[in-house]
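Notes to accompany the following structure.
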Amino acid sequence: MSASTVRMTSTSPSSTQRDGDTDSEASRPVSPRLPSSSEASTLSTESITSTASASSATASTESPEISRLEIHPGKAVHFDSTTPVQRRHSRATPPLPQPLEPSHAPPQKWARGEGFWRSFAAMCIPLLLSALEGSVTNTALPTISHALDLGTNFSWVATAFLLASTIFQPLYSQLGDMWGRKYPMMVAVSVFAVGSAICGAANSGSVLIFGRTVQGLGTGGIDLFAEMILCDIVPLRKRGPYLAIKHMVFATGTTLGPLLGGIFAERGWRWCFLINIPVCVVAIVVMFFWLKVGGGIKRRDVRLLDELKKVDFWGTTLLTSSVIMVLVALSTGGAPRPWSHPAVVVPLIFGILGFAAFPFFERSRWCTHPMMPPRIFSNRTSKIAYTLTVLHGFITYGFQFYLPPFFQAVKGSSPTKSGLEVLPCTLIVVVLAAVGGPLLSHFGKYKAIHIGGFAAMTLGLGLCIMLEKSTPVGAWVMFELIVAAGLGIVISSMLVAVQVKLPDSTNGASSGTWAFLRGTGSLFGVAIPGAVFNVRFAQLLPSISNADARAKLAHGQAYQRAASAFVGSFGSVVEKEIIHSFTESLKCVWIVFTMVAAGGFALTFWEKEYKMRKDLDTLYGLKASKKTENSSAPNSGTTTPLRQSVDRVRELDLSQIV
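Here the sequence shown is numbered in UniProt numbering, starting from 1 and rising by one per residue.
Written out as structure tokens, the structure reads:
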């Protein structure tokens, strides 16, 4: 071996035939130095040592054809990881676009400690509030609607809340990627408290709906940031039990909501909203001291205005207006306006066109920072999981929204009793959410969970079509339990299926899109069955013999009159006629839910099963303690893949080689 030139090569079988080209290639002399960071980033670590890790993002995407280290004493250290063919065409051929963006953060070794549990608890407190407020008005809504004379606008009490909490979630995800999760979540809780105060002081329907809109803006941020924080502090494969705990907290809120709503409806409905304010104060204080998560990349040279320019305001406007127009058409069509009325047809058409145009806008050159980047729809399983999320949200919220009218108008229950009668559904959701998460982490199989869950939903909702006044308690409890079992078992696995083929760097965008689609499903789970309910009730209205009862139930007012006190105020004959109208109208609602569940069941068979990763690669994980930070200093043992490549070059004993 000559002392003047030393070559270190690592070849793959496909590159052996080109060894002659490699040996004849002369290295170009440069200033004597070690590889810079930019040069080291193109280094396949296999060429430095046979035991090198392939964790570097560049090494995983480049072909390990030939990598060589050429040393000329007194001249240059030249490091080359390309073939001659690659070098000849490197300027002519532009690099292929990467389908997914790396987070530029080293994979973190996951560990639990006091900081983890404090952050987890701080995240769950506002989540409980959000869940509670989402369901507390279900049993109290007839009372609230009557007290403020909402008329046909009653549905907007729930719709405004859901709409505001849904449409801004992709926007929240962009803000969370810019400024971290902690402080935006604290702002969201503050907005929620302001909305609660407005609702509690409302003396008209318009003020109440405005307050619910403000509440929705807050709860949308709470829900999304809770999902994002959990994705950032727990790796995918180990996330199941913590998803179960989180969903148990959420389900506890949805369980207590109808019960508290019934109590407040009889003793003062304003407490449905005012009770939130002191809890919000506690939540903000706890988050300030306990929630210790990373804030991403901090750049002092970037102005706030420049950051805001990256927000997809046009996409948000297009999507928001489309959702609102479709919801307006569905809520007014049939009652009080006919479906052929221009005020129904025009917004419906423009809303559908807006939905169709949105994905094209997100991919266009006018949208440089899309809130729903196309890369999060890059595989079939993610697409199907997004669709299942819409269907699951449709059934989850809609089913619990239309159960109270059945118990109050058909079974003759009081608001408080109807809240108790909904408990079997909400309780079993809690139990199955607690079971589904650990099952997911233990077996790592989300497809089987989805198949079983949607099968149970289809069966249970199909049985609900038989519900009527004479249905025994054991039967309707069993129907509720079957539906709830399907709803609960799949809760913990939906977002996991979305993210299983996506890197952690897309946690914000994928979580925001998932939350938006879940909320959109909930919105249409109220609006579409509501339109069906109103149309069917209008058809049955002539069968009610009492003119006064017909007048009060006409023009889409049936839902707000779904109370035992109203139904029983017209005598036994008219009461039976009203009950029959409610029963038949609700049967159409159950049919809609059954069809949606059956569609989801069919889709589950198209999912693919992938292995879930066990590490984290995010900029927003738990903040390290001072001790950990010191051990991760530049000269410590914790390094990035890029620094590992540079350090390995420095560790080579060049004098011995020469």
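A virtual CB, placed ideally from N, CA and C, is assigned to each residue, including glycine.
Asked                                                                                                                              : Found
Cβ shell of LYS614 (< 7 angstroms), same chain only, five flanking positions each side left out                                    : PRO235, ARG237 and LYS238
VAL326, DSSP secondary structure in three states                                                                                   : helix
Alpha helix (DSSP H) runs wholly inside the region 389 to 460, at least 4 long, in chain order                                     : 415 to 421 and 423 to 443
Three-way DSSP call (helix, strand, coil) for GLY333 in this model                                                                 : strand
Spatially closest choice to LEU175 from CYS367, LYS309 and CYS280, by CA coordinates                                               : LYS309
Span of the alpha helix (DSSP H) around ALA223                                                                                     : Inspection of the sequence shows that residue 223 is occupied by Asp rather than by Ala. Segment 205 to 233, the alpha helix (DSSP H) holding ASP223.
Meets three-Cβ-pair contact criterion under 8 angstroms: the region 580 to 594 and the region 532 to 547                           : yes
Contact between the region 320 to 327 and the region 157 to 177 (3+ Cβ pairs under 8 angstroms)                                    : yes
Beta-carbon proximity check, ILE233 vs SER119, cutoff 8 angstroms                                                                  : yes
Where VAL281 sits in the DSSP three-state scheme                                                                                   : helix
DSSP-derived helix/strand/coil call for PRO293                                                                                     : Reading off the sequence shown, one finds Val at residue 293, where the question assumed Pro. VAL293: strand per DSSP, three-state reduction.
VAL526 burial status per 10 Å Cβ neighbour count (16 or more: buried)                                                              : buried
Sequence ranges, alpha helix (DSSP H) only - wholly within the region 484 to 542, length at least 4                                : 494 to 499 and 507 to 540
Same chain, Cβ closer than 7 angstroms to PHE250, five either side skipped, listed in chain order                                  : LEU127 and ALA131
Residue interval of the alpha helix (DSSP H) (run including VAL174)                                                                : Here residue 174 turns out to be Gln, not Val, going by the sequence shown. First-last of the alpha helix (DSSP H) with GLN174: 169 to 179.
Cut-off 6 angstroms between Cβ atoms - residues of its own chain near GLY412, not counting five sequence neighbours on either side : SER564
Burial state of PHE225, where buried means 16 or more other Cβ atoms lie within 10 Å                                               : buried
Backbone secondary structure at LYS552 - three-state DSSP                                                                          : helix
Among SER364, MET371 and ALA538, the one whose alpha carbon lies nearest that of MET178                                            : MET371
C-alpha gap between GLY268 and THR137, whole angstroms                                                                             : 12 angstroms
Distance CB(GLY115)-CB(LYS246) smaller than 8 angstroms                                                                            : no
Environment of MET466 [buried if 16+ CB atoms lie within 10 Å]                                                                     : exposed
Where VAL311 sits in the DSSP three-state scheme                                                                                   : coil
Where SER566 sits in the DSSP three-state scheme                                                                                   : It should be noted that the sequence gives Phe, not Ser, for residue 566. Correct three-state label for PHE566: helix.
Rounded separation between CYS272 and GLY134 - CA only                                                                             : 11 angstroms
With 16 other Cβ atoms within 10 Å as the buried cut-off, status of LYS182                                                         : buried
Secondary structure of GLN557, DSSP reduced to three states                                                                        : coil
Alpha-carbon to alpha-carbon, PRO342 and PHE350                                                                                    : 12 angstroms
Rounded C-alpha distance that separates ILE324 from ARG212                                                                         : 15 angstroms
CA-to-CA distance, GLY240 to LEU439, given in whole angstroms                                                                      : 7 angstroms
CA-to-CA distance, LEU171 to PHE313, given in whole angstroms                                                                      : 8 angstroms
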